[in-house]
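Undergrad:
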Amino acid sequence: KGGTDSPVTLDSPLSGKLYAPDGSQYVTRRAVNADSSILVLGGGGALSPSKGTSTERDVELPGTNVLDAAWSPDGKRVAVLTVNRSDYSGKWGRLNTILFTPANFDIQIMPTPQAAPGATASLNSRVLWSPDGQWLLISGTDALDDGYQINLQLIHIATRAVTDLTPALDLTAEAPISISRIEWSAP
7 KGGTDSPVTL DSPLSGKLYA PDGSQYVTRR AVNADSSILV LGGGGALSPS KGTSTERDVE
67 LPGTNVLDAA WSPDGKRVAV LTVNRSDYSG KWGRLNTILF TPANFDIQIM PTPQAAPGAT
127 ASLNSRVLWS PDGQWLLISG TDALDDGYQI NLQLIHIATR AVTDLTPALD LTAEAPISIS
187 RIEWSAP
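Numbering (my numbering), first residue to last: 7 to 193.
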């Protein structure tokens, strides 16, 4: 029923239905065409005209492609990563970090961590909430001129402050690298 393995574990990109912690709603992405996708909200509750039926609604967000999404631990918001893809070149551009509130369809644009200078937009971009719901962790792989680098940044929800952990992490390689699983732990 609700959630994924854990609301504080990042181990697979948005695929299939990602349920809220209480299992009442879900988000998924749907291809619009070969080059773009949108976020879809589904489930019962306020979305459903009658109890027990499922209704889906498209959610208009900045960006042409939905990359990843994660429910907040309390199930009230969804953090979503989208990217702007060029119609002309097909290259990825700006990464967008968005907080979506299903109860009122409110959309809040958060500060967006960007790829390293000289890099393309982060590949394999992922989002994860802290267990207390106060932070977002954004991860990805930056394609540099001479290889690849793991990009890891924290966003404090209340202050909107971004902390770049990439330089301290210093994970680079000539071949593509990525993070397959992240877990929060107590200090």
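Glycine residues also receive a C-beta, built at the ideal position from the N, C-alpha and C atoms.
State the DSSP-derived secondary structure class of residue 134, mapped to helix, strand or coil.
TA: Residue state, collapsed to three classes: strand.
Undergrad: Can you tell which of 145, 150, 191, 69 has the C-alpha that lies nearest to the C-alpha of residue 169?
TA: It is 145.
Undergrad: Between residue 183 and residue 24, what straight-line distance do the alpha-carbon atoms span, to the nearest angstrom?
TA: Going from the Cα of residue 183 to the Cα of residue 24 covers about 25 angstroms.
Undergrad: For residue 118, report the span of its beta strand (DSSP E) as first-last.
TA: Residue 118 -> no beta strand (DSSP E), and no H or E assigned at all.
Undergrad: Consult DSSP for residue 181 and reduce its assignment to one of helix, strand or coil.
TA: Coil at residue 181, not helix or strand.
Undergrad: Among all the DSSP beta bridges, which residues are the ones paired with residue 153?
TA: Bridge partners of residue 153: 150.
Undergrad: Is it buried or exposed for residue 148, if we count other Cβ within 10 angstroms and need 16 for buried?
TA: Classification for residue 148: buried.
Undergrad: Among 76, 108, 102, which one has its Cα closest to the Cα of residue 47?
TA: Looking at the Cα atoms, 108 is the closest of the given residues.
Undergrad: Does DSSP classify residue 142 as helix, strand or coil?
TA: Strand, per DSSP.
Undergrad: So for residue 58, helix, strand or coil by DSSP?
TA: A caution first: residue 58 carries a pLDDT of 48, below 50, which makes its placement in the model unreliable, though a value can still be read off. Reduced to three states, the DSSP call for residue 58 is coil.
Undergrad: Can you tell me which of 101, 133, 69, 138 puts its alpha carbon nearest to the alpha carbon of residue 44?
TA: Measuring from the Cα of residue 44, the nearest candidate turns out to be 69.
Undergrad: Can you tell which of 134, 177, 138 has the C-alpha that lies nearest to the C-alpha of residue 80?
TA: Checked all of 134, 177, 138; the closest Cα to residue 80 is 138.
Undergrad: What residues in its chain sit with their C-beta under 8 angstroms from that of residue 152, if we drop five residues either side in the sequence?
TA: Within the same chain, residue 152 has close Cβ partners 180.
Undergrad: When the Cα atoms are used, what is the spatial distance from residue 118 to residue 103?
TA: Rounded to the nearest angstrom, the two C-alpha atoms are 5 angstroms apart.
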